[in-house]
Every structure is written in C-alpha cells, then in structure tokens.
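Chains as they are written, first to last, in my numbering: chain A, 81 to 680; chain L, 81 to 680.
Reading through the structure tokens given below for one structure.
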C-alpha cells in the first residue's frame, strides 16, 4: 500500500537554483559530475530504492530477524537486494576510483541517502557504517590494512560496524572495560563485551569489519586512554605486503574470536540487527596512534551523525507522501466556508484548515531540512578542498552544524511521522498503511549516535566556543550579510525580518549561554536542548529565506510560488516556537537542580 | 522488568487538600464514601491492577490476539483476569446498587481508571465501553431493556461496544450507510459494516452488547437522521416483562446476525481487538427517540473522551516511574559542577540538568493532568446534584473541559512517553524495558473517540460560544476570583502572575477566534488546535496555582515543598509555549488555505 517517489525536482531546485552545487565542487576533483550525469545517477539510485528496497521494507518489519546459534539471518529478500546493490556498484559510489568507487561528491551522496532511508531505513544503515569504516581505514590504516580492506568495504562486499557501547557505558565511553593486549607480532588481542552494535552480525556479506574501542593495559584513565582497533570477523587469508609476518598460518582465513550472543527486540527497524558482541581474545590491528582512538572514532561518528539527521528527513518524507495521498482520497465533512464538491457525499479532507496545517507543517519541515542537508553535503566536499580557506571554513561549519542536523532533523522527523499518522486517523495506527512503521523506525534516530541531549551539549558546551568562536563567526558573517542584502527588497520583508529578529535573539542567547555557563555549567546544560532547537530553527529560517530569495524572481512558476507559500508556512506556523524557547533557555537551571531528588 | 506503584499519596493530596472532594459529593447520595472507605477501595483496586493486570500487559503486547473463523481469542491470562475483576465486583463499582454496583462517585472512579490504564491499557478500555453502554441503557432504554441488560453490563459479565465508524465514514458520521428497517414487532433489522470497533468480538464475556448507529429508510439526511440501536451478540432467552412479545421463540437465545470478519494489525494495544463488524439483518432495539441517535451517542462518547484523556496520564505515569527508576540506577559521566560520587566510576544520570529537565517535565505533566482529572471527576458527580445551580455549572464546565482533557492529556501523554524513552537511551527503544510499549499504546489516544483536531474544533467552534458563552463564564468567574485572591500573597507571585497573564491572553484569543471566526470559519479552524493547547496550558496553570496555594502553607513538609518545586518547573519550562501558541493562532489561515493544492 505504501507509495514513494524520490523528490528529484526538489533536489534539482536546490542543486541548481538555491545553491551553486556544481560550482562548489569544482576544484575538488569532481569536474566530471555535471547536472546530466548527476541526474542519471540519482534516477538510477531512485529506481533501485523504489523497486528493490521499498518492497522489502514492510517484509523486514513484519518478518524481522532470525537469531540462531550465534548467527543472524536477514529477512526474506534482503541478501539478494544487498548483493544487487553491491554488484551495480551503488554502495561504492562515493569511494575512490582505486577502490571501485566513482568518487561521487558528498552532496549527491547525501541526497541519495534520503531515498534509501525513505524506502528502507533498516537496510540503509548498513552502507553508512561500511563507509564510515572505509574512511577510517583509508584515512588512518597502514598500507597493508588499506590494501586488504578498503576495496571490499567500499563496494559493500564486506560490511563494517562501530563497537563503542558496553552494558555499563553508553554516553560515557571513558569507563569502558574492553581490553586490548599488545602481541609481539604487532597485533592486539581484544577482549570485552559490546552492546547495541548495529549490523554486528548478519548474512549480507562474507566478512564484517568491526571498529572497536578498547584500552591497553597501561592506558591513561578516561577517554584519553582509548584506542581504536580493526577487528575482522574472518582473519585475512594472506597478507600481501608482509606487514603481518607474525600472524601464524593456522589463523589465516580463520574465524576470529568474535561471537554474537543475542539481538535486541526493538520497537522499530526490525530488519536491522542490534547485536551483543563478545570479543574473546580476538585478533585486532591498531588504527592510528595508541590512545588516540576517540578523535578517530569521532571522525566516523560525526559522519554517522549527519547521516542520522537525514533519517529524520527520509522518514518524514515518505510519511508525508503517504498521508498526502490518503488525504487527497479521503472524504469527510464539508469545507466550512461552503460545499466544494456537491456531487460527492463529502469533500476531501484537504478542505479542512487543520488537516492542511498538519500536512503543510510536515511538508515544510521536510523541505527545510532537505535544503540544509544539501548545504551540509557541499561543506563535506569542501572539507577536502585544496583551497585552505575553503577547507577551514567548511570544517568549522561542519563542526557547528553536525549536532544541529543530528538533533533537529531527528526531532522533526519524529514529529512529522506523528503528524502524518494523525492526518490518517485510525488508518494511520494500522500496520496496513505503513506510516506506523515509519513512526516506530524513526524514533531510534533521536537516541543512537549520541542522544539528542548529547548533541545539544556538544553544540552549547563545545562547538559554539570552539576555535575561539570561529565556528560561529563562519556562520554569522554570511548570514548577517544575507540579511543586509535583502533588507530593501519589499518581497523579502516577510521572511527577512523574522530571520533578522531570530538571529539577533540567537546572538543574545549565545552570549547568555557562554557567560552564564562559564560560572555555572548547569545553566548551560539546562538550556542546551532548547538552545539547539532554537539554533535549528534559525538554520531552517536561513534556508527558507535563501529559497524565498530565489523564488520571488519566478512569479510565473507554480513550483517557485509553492516554495514561497512553504516559506510562509514556516515563518507563520513553525518559527514562532523560538519565542518560547528563548524564555525556557533564560529560565535557567535552578528549578531543575534544586528539585529534591528523593521526591522525584 | 516493568515496575509500578499506584500514586495513592498524590490522590490523597488532591482529594483532601487541593479539592474538597468529600464535601463536594455530599448531597449527591454518596455520604458513605469517607476517606477511610475510599482509601480501602483504592488500595484494593491498586492491588488488583498491580498484581493481576500488570503482569499481563507485556504478554498481551507480545502474544496479541488470535482471530479464527470469526472468533477472537484474548491473550493468555486475560479471560481469567477479567473474570476475577467481575467476580470481585470491581467493574460494577460505579454502577447503581440495584445493578450490583456500589454507587462509587465518578471522582474516585476516574482515579482508579488511571491505575488500570497504567497497568494494562488494552484491557482497561473494555470496562469503559461496558459502562458507557450501561449508562445509555439505564438512561434511555425501556424498562425491559434495563431489566435485561443493566446488571450484566454493570458487573462486566457482558461487555459493550460503540459502533460508529464505517469504511467511508469516521469523523463524518452524517454519511453512514448502515440501515435499520423497522419490524412489526417493534424491533429493527440492522444491516451494515462497522470498522475500528474496539472489543467488537472476544472471549471475555458471554455476550457483547453493541450500540450501533444506523439510519431508518425514511430518515432525514446527515446526522439528524441517525438513530441508536442496541444490538446484542446473543438474543435474549426470555423477555420477562413482555416488551418483546413479537420475538419469535426460535430466535430466543440464538446468535444474532452479527459477525466479525477481521481484526486490525495495529502499532499498539495488541491485546485490544479492533474489529470489522458485519451486521446482517441483525435484530436491534431502538434506544431513545428515532433520529435522536447522535446526542445519545455523544453522551457515551463524551464520557469515553474523558476516559481517553486519562490514558495520556496513565501511560505517562508508568513511563515516568520506569524511566526514573532507570535514571536512579544508571551511571554515566560526572556532575558538571564537580564529581558527586567519587567512589563510583560515574555519577548517576540525575546529576545532569538535561536528564532532570526531561524527567521533571514528564512528572509535572502527569501531576497537572491528575489534578485536572480530579476536578473533572468532581464535576461529573455534580452533574447529578439535586441542586440545579450546581448541576448547571457542572454540565457547562464538563462540556467545555471534555475536548481539552481529551486532546491535551493525550498530546502530553505521547510527549511524556517519548521523553521517558529518551531518558533511557537505547534501552528505551528495546522491548525488554517496557517503555516502548507505552509509547506505542498511548499513540491511539490522540486518534480515537474523535481525533484531537476534532476536539479542538469542538472547543473552538462550539463549546466556547455554547449556552451564550455561559460555559466559559462558569470557568472564568472563579478563575479570575482566584487570581484576585492571591494577588497580594508574595509567595504566590511566581505562580499567580503568569497565570494572570495567560488568562488575559486566553480572553483576548477567545475574542479573536470568535470575532474572526464569525466572518471566516477557516480562521477559527486554522487556529483551533493551537487554541486548544493554549487552553490546556491555562487549565494546568490554574491547577498548579491551586496546588501551590495549598503548599506554601506547609514549609515543613517535604511532599508539599516538592509540589511547589513542580509548580516552578511547570511555569518556567512548560507554560512558556503559550507565547508561541498565541503567535500561531494569530497568524490565521491564509498561508494554509492559499497553498496551491496541486503543489502539496
């Protein structure tokens, strides 16, 4: 019953009109990606998502996973779908040509992510993890590790995981207990239990390459003593370049000492194995420097956080498409201002202002996030620019925007799927119509890769003051300039004025957070979540004003006029929440911290 | 893993200190219910809920229902639990003594509802429906129907349903197609299909008594042509008082022409059968007058709406209790202001302001709703007062408060379960810890018994202007008086001032809604949801100020000081959303209604 059309036209608008995407990637070794080529790739991927992934989405939810004797079997059809993607080269697209990829820029990959998430969130996580491991190995591994792992990780022939959480240590990784004992041959033996490991075990691929954080026996306390290890499910058959002379022959190609002792039963993403992984004297190789595991892990984590943000958008989009289709068909009641369709027993429910309020809020949330997603994609590419200034700016903005995208997009995604369910009434609650699955699936995105509360603390407690405040200035300079440029354009007033007000508010709130937070970190932490949401609103307001700036020049085009209408919905219906957020941030921490704990 | 303690102390505080519950029921034939007796009843019921219903809740979710050959089998243990409740007389408590009940006042029944919802929402719906049918039969049935049905409905030996929705008609009941053909013997033959019928078929009871809305052949168009019929699963064996002479002997005690052709697969309340019911020339009896079915149906519906509101509270409460217990145990990170527990590897997460923000928001939402629930319960009793003034005021206030309680409590319940899940991180998303079930179960409460959008329209478009505005005046008089009384009490300023501001805002917004709405109903409908939420905030602010008024007099008591702390959390963290709501209400309807439909 579920329908889905990839939002190609939306992306073309953003790539070509709102942002100068093709210009932005020139000079970053991506000249071959012109609009025609990108359209072809996007449509090919869209077809794969719609025709291969989407039909499996409900099957995966209903059937779930089978766990037996340490092995996880994916739901019917998943292995074939995965292999089809691997063989077509889809999963390698963003990787280097020497590893079988096509060097696709991040900005397009981000867009393609949206389609995969919409059509099969559970499966879409697997390539994201594989690519995270690919980046770590190619960026920080020895040449031998790169040779052995990069190509197979790139294509998806082998999959990857990120093993951080332990039963007693989730947010607080400083207290992990997994140990890594150095061996004479240069390898390590890793022992410990990791939980909540997505795709820790499954039958999609021949090998699974785990990135495990652990501590060596004499490591410093806390996170400064964490190192990162590559621990493969199957040990290498042969070690071509001689870097592993010590690995005795009997271990070659053998199963490493890793076992999956169970999978979690979860509210959603039933087709995504969440595993308890036991590392028992497993052979592992150090990635990067000893005791430098946290920054490396965060390289991967930050990329996953942006991908997680896109989950909010992807599920928000497919929920919207289905509830809109429902609303177009469903006839209940009459337009309060007068019967619209006298021939029928009732008008369709789009005549009701409250139904429009719900659908348009959903639509506008999606459109705003998509625009910001494109900008973030561009910045990810620019982080690799040869122009140092471009690179510096991109890195600073990505640092700042990562927690906002992760937290705000996923908060909105949860709200949007709920709103779309509400549009459909009782049908929305029934499995038959799909939206309830999206509502369950998207909920994890607020939790994993660092809860949204952690994102907010990262933003308020670290990112805004990082680099002596340069992160923030890289954002504020062009933003203030944009506001200034549009000040005298009458058609822009309805968008530019509230943006201006909001930005002023953000500056004041930032000052408050920083100044109060220095004296009392509780103040900063108590306001962090609301501050992050305020900031998210400002970013979306900026995106909407940018889009409006383009669209006021196209009075003839239905598409562009609808985008202006969307911008209005944003500023009138969604953006006013900033006023309330400013008040709660200012209310401080005392009423929270002075609450008698025993009486909670 | 799930734990639960009925909030007895909270109710004692509300019954005895905040409201004068025992005074309010005197003169309504309830003198025997003194505090000791009520405590005994509450504790007995609490024990039944905790020991019998709670252990089945997760089983019901996991096992679900079996549908086979038109019959629905309840999950393991449900039939026994139900029978135990019936035999103990629990379900009849509120009914008249002559029907096996004890005439328990509504105010206590409302409180007891909360416990049942917390411990087993799926099952808690069954007695609510049965009592709704009981009220309709005893209030509007012939003596013969009363004699035959009331006692069995009261005790729960027989169950009841409300059959409204049809595949094409949910919100819009004016277009139903179910027909009722009058027979010479005074009965009707009912034919049609009803969907989303909760407890339409199951094995809990020997008989199921359906309240069905249908149209007679010559009925007027729309809702003015709807009549209400009692249609039992099994026809009466003997009709004692001769009112049914025409019913031929071969039909007696026979299965009526009713079949269940399927049950829905839903996101939650897996142990609650949601049935497609086919009425095929079924024998039915008219309840009340011909073509007067809607007001009668609404009598039952309004009671169910209040009960649905309590679902938001019940699930919010058990979610809170479990996430609090988790937070007390869970150790992650350190207090930002300095290590609290140096002996442990980490402090418990209650030291983190953002965790407190989440837990306290949840707690305070629950406490505020509970207070308003008690007031509503008192008003339900006062609707039966012999003092006509008391009765009139109670009816007006119930009319006004019903949509607010239904919509606002369930909105908050969905938010609270989500917040509590967030506190627990990944564990919150795993079935093992229970909260994810509450998150799924509570979501239906925003949809059924009239979606929350419909509640908002009922409030804004009907209830505030009904009785020439008397509904609203019955609320405003004491509210304004309360504000006046507290104006000069310094300790009340932090609560009384924002309440005063909010009430002024409500008056202005109400004027705006009514004046603009007269000219353009789209304006009113576009703002209705936000208006309802604004109103909900005012009601909870009123409750908090009332509670604070009591607590400032008890500086020595930990309990009362914690309530003052709760009141502060409400006014500082939750209440400020009213500022944003005022803005969105004022933003009107144009940006919604002018959005080009084809471009949605």
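Note that beta-carbon positions come from the ideal geometry of N, C-alpha and C, so glycine has one too.
*Apart from the five residues just before and just after residue 631/L, which ones in its own chain have a Cβ nearer than 6 Å to its Cβ?*
Position 551 of the second chain, counted from the first residue, corresponds to residue 631/L. Closer than 6 Å at Cβ, skipping near neighbours: 640, 643, 644.
*Of all the residues that make up the region 429 to 448 of chain L, which are near chain A by a beta-carbon distance shorter than 7 Å?*
430, 432, 433, 434, 436, 437, 439, 440, 443
*Closest by C-alpha distance to residue 695/A, when choosing among 477/A, 215/A, 589/A*: The structure shown does not extend to residue 695/A, since chain A spans only 81 to 680, so no value can be given for it.
*asked:* Please report the distance separating the alpha-carbon of residue 516/L from that of residue 510/L.
replied: Position 436 of the second chain, counting from 1, holds the residue named residue 516/L. Position 430 of the second chain, counting from 1, holds the residue named residue 510/L. Approximately 7 Å, taken between the alpha carbons.
*asked:* Any heavy atom of the ligand FAD inside 7 Å of the beta-carbon of residue 595/A?
replied: This structure simply doesn't include the ligand FAD, nor any ligand for that matter.
*asked:* Run through chain A and tell me which residues come within less than 7 Å of residue 252/L, C-beta to C-beta.
replied: The residue you call residue 252/L lines up with position 172 of the second chain. Going along chain A in sequence order, the residues near residue 252/L (Cβ under 7 Å) are 412, 413, 426.
_Quick check: is the beta carbon of residue 287/A nearer than 8 Å to any beta carbon in chain L?_
Position 207 of the first chain holds residue 287/A. False, the Cβ-Cβ gap to chain L never drops below 8 Å.
*asked:* Let me confirm a value: residue 148/L is counted as buried when at least 16 other C-beta atoms fall within 10 Å, else exposed. Which label applies?
replied: Counted from its first residue, the second chain places residue 148/L at position 68. Its Cβ having fewer than 16 others within 10 Å, residue 148/L is exposed.
_Since residue 604/L and residue 541/L should fall inside the 8 Å C-beta cutoff, what is the C-beta to C-beta distance between them, to a whole number of angstroms?_
Against the second chain, residue 604/L aligns to sequence position 524. Against the second chain, residue 541/L aligns to sequence position 461. Indeed, because the Cβ distance is near 6 Å, the residues count as touching under 8 Å.
*N-terminal and C-terminal residue of the beta strand (DSSP E) that residue 274/L is part of*: Position 194 of the second chain, counted from the start, is the residue given in the question as residue 274/L. That run of the beta strand (DSSP E) goes 268 to 278.
*Excluding sequence positions up to five away, which residues of its chain have a Cβ less than 7 Å from the Cβ of residue 84/A?*
Here residue 84/A corresponds to residue number 4 of the first chain, with the count starting at 1. For residue 84/A, where only same-chain residues beyond five positions count, the Cβ hits under 7 Å are 130, 134, 198, 199, 398, 401.
*Of the choices 302/A, 300/A, 216/A, 313/A, whose alpha-carbon is the least far from that of residue 285/A?*
Locating residue 285/A in the first chain gives position 205, where the first residue counts as 1. The shortest Cα separation from residue 285/A among 302/A, 300/A, 216/A, 313/A belongs to 313/A.
*Look up residue 242/A in the DSSP assignment and give the residues it is bridged to.*
Counting from one through the first chain, the residue named residue 242/A turns up at place 162. Residue 242/A is bridged to 291/A.
*Confirm, please, whether the CB-CB distance from residue 613/A to residue 672/A is below 8 Å.*
For this step, residue 672/A is matched to residue 592 along the first chain. For this step, residue 613/A is matched to residue 533 along the first chain. Contact: no.
*Comparing the C-beta of residue 300/A with each C-beta of chain L, is any distance below 8 Å?*
The residue you call residue 300/A lines up with position 220 of the first chain. Chain L, which has no Cβ nearer than 8 Å to the Cβ of residue 300/A, makes this no.
*Grab me the residues of residue 309/L's own chain with a C-beta within less than 7 Å of its C-beta, minus the 5 sequence neighbours each way, in chain order.*
Locating residue 309/L in the second chain gives position 229, where the first residue counts as 1. Result list for residue 309/L: 260, 268, 270, 292, 294, 364, 365, 366, 367, in chain order.
*Applying a beta-carbon distance threshold of less than 8 Å, which residues of chain L neighbour residue 601/A?*
On the first chain, position 521 is the one that residue 601/A refers to. Residues of chain L passing the Cβ test: 416, 417.
*For residue 120/A, does the count of other Cβ atoms within 10 angstroms reach 16, so buried, or fall short, so exposed?*
Position 40 of the first chain, counted from the first residue, corresponds to residue 120/A. Classification of residue 120/A: exposed, given that the 10 Å Cβ count is below 16.
*Backbone CA spacing between residue 606/A and residue 110/L [nearest angstrom]*: Translated into positions along the first chain, residue 606/A becomes position 526. Translated into positions along the second chain, residue 110/L becomes position 30. So the two alpha carbons sit approximately 48 Å from each other.
*Name the DSSP beta bridge partners of residue 310/L, please?*
Sequence index remark: in the second chain, residue 310/L carries index 230 (1-based). Paired residue(s): 291/L, 365/L.
*Answer yes or no: does any C-beta atom of chain L fall closer than 8 Å to that of residue 95/A?*
Your numbering for residue 95/A matches position 15 in the first chain. No, because no Cβ of chain L sits closer than 8 Å to the Cβ of residue 95/A.
*Just how far apart, CA to CA, sit residue 526/A and residue 394/A?*
Mapped onto the first chain, residue 526/A falls at position 446. Mapped onto the first chain, residue 394/A falls at position 314. Roughly 14 Å between the two C-alpha positions.
*Should residue 239/L and residue 279/L be called a contact, given that it needs their Cβ atoms to be closer than 8 Å?*
Translated into the one-based positions of the second chain, residue 239/L becomes position 159. Translated into the one-based positions of the second chain, residue 279/L becomes position 199. Yes, they are a contact pair.
_Contacts that residue 505/L makes with chain A (C-beta to C-beta distance below 8 Å)_ = Taking the first residue of the second chain as 1, we reach residue 505/L at position 425. Result: 250, 251, 527, 531.
*Would residue 186/A pass as a contact of residue 376/A if the rule is Cβ separation under 8 Å?*
Reading the first chain from its first residue, position 106 is the one you call residue 186/A. Reading the first chain from its first residue, position 296 is the one you call residue 376/A. Taking 8 Å as the Cβ cut-off, residue 186/A and residue 376/A do not qualify as a contacting pair.
*Should residue 665/A go down as buried or exposed, given a rule of 16 or more other Cβ atoms within 10 Å for buried?*
Stepping through the first chain from its first residue, residue 665/A is reached at position 585. Buried: at least 16 other Cβ atoms inside 10 Å.
*Counting only the same chain and skipping the five closest in sequence on each side, list residues whose C-beta sits under 6 Å from that of residue 610/L.*
Position 530 of the second chain, counted from the start, is the residue given in the question as residue 610/L. The answer, listed in chain order, is 661, 664, 665.
*Give a yes or no on whether the C-beta atoms belonging to residue 154/L and residue 514/L are separated by under 8 Å.*
Walking along the second chain from the start, residue 154/L turns up at place 74. Walking along the second chain from the start, residue 514/L turns up at place 434. No, Cβ-Cβ distance for residue 154/L and residue 514/L is not below 8 Å.
*Just the chain L side, please: which residues come within less than 9 Å of residue 510/A by C-beta, in chain order?*
Counting from one through the first chain, the residue named residue 510/A turns up at place 430. Residues of chain L passing the Cβ test: 276, 344, 345, 346, 347, 354.
*Are at least three pairs of beta-carbons, each pair with one atom in the region 478 to 487 of chain L and one in the region 520 to 540 of chain L, less than 8 Å apart?*
yes
*In terms of residues, what are the limits of the alpha helix (DSSP H) holding residue 176/L?*
Taking the second chain and counting its residues from 1, the one referred to as residue 176/L is at position 96. Element bounds for residue 176/L: n/a, residue is neither H nor E.
*For residue 301/A, which three-state DSSP category applies?*
Taking the first residue of the first chain as 1, we reach residue 301/A at position 221. The answer is coil: DSSP assigns residue 301/A none of H, G, I, E or B.
*Which residues in the same chain as residue 479/A place their Cβ atom closer than 7 Å to its Cβ, once the five residues preceding and following it in sequence are excluded?*
As a working mapping, residue 479/A is identified with position 399 in the first chain. Closer than 7 Å at Cβ, skipping near neighbours: 543, 546, 551.
*If residue 236/A and residue 165/A are in contact, beta carbons under 8 Å, what's the gap, nearest whole angstrom?*
On the first chain, position 156 is the one that residue 236/A refers to. On the first chain, position 85 is the one that residue 165/A refers to. Right, the Cβ-Cβ distance comes to about 7 Å (below 8 Å), so this counts as a contact.
*When we look at the beta-carbon of residue 469/A and count the other beta-carbons within 10 Å, is it buried (16 or more) or exposed?*
Taking the first chain and counting its residues from 1, one reaches residue 469/A at position 389. That one is exposed.
*asked:* Taking 8 Å as the threshold (C-beta atoms), are residue 191/L and residue 91/L in contact?
replied: Numbered from 1 along the second chain, position 11 holds the residue referred to as residue 91/L. Numbered from 1 along the second chain, position 111 holds the residue referred to as residue 191/L. Yes. Within cutoff.
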